[in-house]
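J.:
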Amino acid sequence: MKVLVPVKRVIDFNVRPRVKADQTGVDLANVKMAMNPFCEISVEEAVRIKETRAKAGQETEIVIVSIGPAQAQETIRIGLAMGGDRGILVQTDEAVEPLAVAKILKAIVDAEQPGLVIAGKQAIDDDSNQTGQMLAALLGWPQGTFASAVVFEGDKVNVTREVDGGLQTVALQLPAVVTTDLRLNEPRFASLPNIMKAKKKPIDTKTPADYGVDVTPRLSVVKVTEPKKREAGEKVADVDTLIAKLKSAGAI
Ligand code: AMP
């Protein structure tokens, strides 16, 4: 089976984003970038699937795909160092909206015929939470979103989903699209020897035009602003004073 893992290069989650002075977006100049955390979880899950299947003598190929600037190749290399087999970089100058990403992924799925696509539930830069769902719709495949467990059973995959106030398990007929939630697994660190090995793994470079996809944006950003600054707190002498203050503020 082939597993396709789309990974997005985003601003590192440890970095506090700064809004550009003209409010047109987030300043990415000289900012540390990294693989979207949910995509790391997807790569980890794909590698675990490969390891489990290997024990049963079944082969799995993991293809890591990223749509983005030339530097997204570094993000693909991280996926390859974690255990991916080969990569596809679809190089673009501008950020691509989820629908166009889904269309490109659909074309890659048509060409590669994977049995499973595992995407992140959301990219932490735009918080869209759309790509996996739109890809499943374009393919006409079943989807299991917000996965906290992924278990294969014959030609089906059981996906436990994190829903409000509980868990729901759904059975999907393969091929299928799964999107990963935070509690699915803890991604491994790529070891130095694996980082070195990953340098030799192949990465194909393509463009959206190779897949016949028009990536012209459909949205224009009106304005991006910083979150409201939190007001300074106040230290109180004891619990009684705290309760009195909360009462007078109508909080209790
Ligand atoms: P989003 O719908 O943008 O929140 O992204 C959800 C998931 O779709 C991500 O975690 C990735 O798995 C995938 N994805 C979104 N954008 C890209 C991209 N430019 N390249 C590769 N995968 C992407």
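Residue numbers for the sequence shown follow our numbering, beginning at 1 and rising by one.
We put the beta carbon where it would ideally sit given N, CA and C, even for glycine.
1. Pick helix, strand or coil for L105, following the three-state DSSP scheme.
2. What does the alpha-carbon distance come out to for the pair L219 and M1?
3. Under the DSSP definition of a beta bridge, which residues are partnered with A100?
4. With 16 as the cutoff for other CB atoms within 10 Å, does E44 come out buried or exposed?
5. Use the C-beta contact count for A102: other C-beta atoms within 10 angstroms, 16 or more gives buried, fewer gives exposed.
6. For W141 and V222, what's the separation of their Cα atoms in angstroms?
7. At a threshold of 8 Å, does V47 count as lining the ligand AMP (C-beta to nearest heavy atom)?
8. Is the closest heavy atom of the ligand AMP to the C-beta of F38 under 8 Å?
9. Inspect the beta-carbon positions of P29 and V10 and report whether they are closer than 9 Å.
10. Could you tell me the alpha carbon to alpha carbon distance between L182 and P202, rounded to whole angstroms?
11. What distance in whole Å lies between the Cβ atoms of T169 and N158, which are believed to be in contact at a cut-off of 8 Å?
12. Are there three or more Cβ pairs, one per stretch, closer than 8 Å when the segment 11 to 30 is compared with the segment 115 to 123?
13. Please confirm whether G115 and L174 have their CB atoms less than 9 Å apart.
14. For S253, which of L138, Q130, D126, T180 has the nearest alpha-carbon?
T.: Here's the rundown:
1. The residue given as residue 105 occupies position 105 in the sequence shown. Of the three classes helix, strand and coil, the one that applies to L105 here is helix, per DSSP.
2. As a working note, residue 219 is residue 219 in the sequence shown. As a working note, residue 1 is residue 1 in the sequence shown. Computed Cα separation, rounded: 37 Å.
3. In the sequence shown, the residue the question calls residue 100 occupies position 100. Its beta-bridge partners do not exist; DSSP assigns none.
4. Looking up residue 44 in the sequence shown gives position 44. Buried.
5. Reading the sequence shown from its first residue, position 102 is the one you call residue 102. With 16 or more other Cβ atoms within 10 Å, it is buried.
6. Numbered from its first residue, the sequence shown carries residue 141 at position 141. Numbered from its first residue, the sequence shown carries residue 222 at position 222. When rounded, the distance between both Cα atoms is 34 Å.
7. Residue 47 sits at position 47 when you count from the first residue of the sequence shown. No - the ligand AMP has no heavy atom lying nearer than 8 Å to the Cβ of V47.
8. In the sequence shown, counting from the first residue as 1, residue 38 sits at position 38. Yes, the Cβ of F38 comes within 8 Å of a heavy atom of the ligand AMP.
9. Locating residue 29 in the sequence shown gives position 29, where the first residue counts as 1. Locating residue 10 in the sequence shown gives position 10, where the first residue counts as 1. As written in the sequence, residue 29 is Ala, which differs from the Pro given in the question. No, the pair does not count as a contact, with Cβ atoms beyond the cut-off.
10. Translated into the one-based positions of the sequence shown, residue 182 becomes position 182. Translated into the one-based positions of the sequence shown, residue 202 becomes position 202. Going by the C-alpha atoms only, they are around 29 Å apart.
11. For this step, residue 158 is matched to residue 158 along the sequence shown. For this step, residue 169 is matched to residue 169 along the sequence shown. With a Cβ gap of about 6 Å, N158 and T169 count as contacting.
12. no
13. Residue mapping note: residue 115 aligns to position 115 of the sequence shown, counting from 1. Residue mapping note: residue 174 aligns to position 174 of the sequence shown, counting from 1. Yes, the Cβ-Cβ distance between G115 and L174 is below 9 Å.
14. The first residue shown for the chain is 1 and the last is 252, placing residue 253 beyond what the model contains.
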